[in-house]
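To keep things clear, I will list the structure first and then write my remarks on it.
In the numbering used here, the protein residues as written are 9 to 126.
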């Protein structure tokens, strides 16, 4: 059974940084893409970033380009989201996701709260 456990969320002032970590277990993830979504209060869940399992190419939402960076450690089945220059509008629950390459996002974590104060 696939499990995704996020950590690293918290409260930070605008302009600050946080690093989210997602530990995956339950199978070998070398052929699974990994990514992050977020959901702010009263808003729909939205894509944040993703990293390809083969090429390690990355993709970002326009709202976080240049501020966030996604990376992964395949040996440890872990994905990271480095968030810099945080804005109050980045406040949301952040979800780690994974899925077989080319098959979308099949598994979701429970989420970790990120709150950015102004």
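Just so it is clear, CB atoms sit at the ideal spot from N, CA and C, and this is done for glycine as well.
Quick check: what's the CA-CA separation for residue 123 versus residue 63? Sequence index remark: in the chain shown, residue 123 carries index 115 (1-based). Sequence index remark: in the chain shown, residue 63 carries index 55 (1-based). For residue 123 and residue 63, the distance between alpha carbons rounds to 32 Å.
Alpha carbon to alpha carbon, how far is residue 91 from residue 17? What you label residue 91 is simply residue 83 of the chain shown in a count that begins at 1. What you label residue 17 is simply residue 9 of the chain shown in a count that begins at 1. Each residue's alpha carbon lies about 10 Å from the other.
In the DSSP assignment, what are the bridge partners of residue 67? Translated into positions along the chain shown, residue 67 becomes position 59. DSSP output for residue 67 lists 58 as bridge partner(s).
Within 10 angstroms of its Cβ, does residue 80 collect 16 or more other Cβ (buried), or is it exposed? To locate residue 80, count along the chain shown from 1; it is residue 72. Burial call: buried.
Among the residues of its own chain, which have a CB less than 8 Å from the CB of residue 22, if the five just before and after it don't count? By one-based count along the chain shown, residue 22 stands at place 14. Counting only Cβ-Cβ distances below 8 Å, and skipping sequence neighbours, we find 94, 95, 96, 124, 125 and 126.
Buried or exposed for residue 19, going by 16 or more other Cβ atoms inside 10 Å? As a first step, residue 19 is located in the chain shown; it is residue number 11 there, counting from the start. Residue 19 counts as exposed, since fewer than 16 other C-beta atoms from the protein chains shown sit within 10 angstroms of its C-beta.
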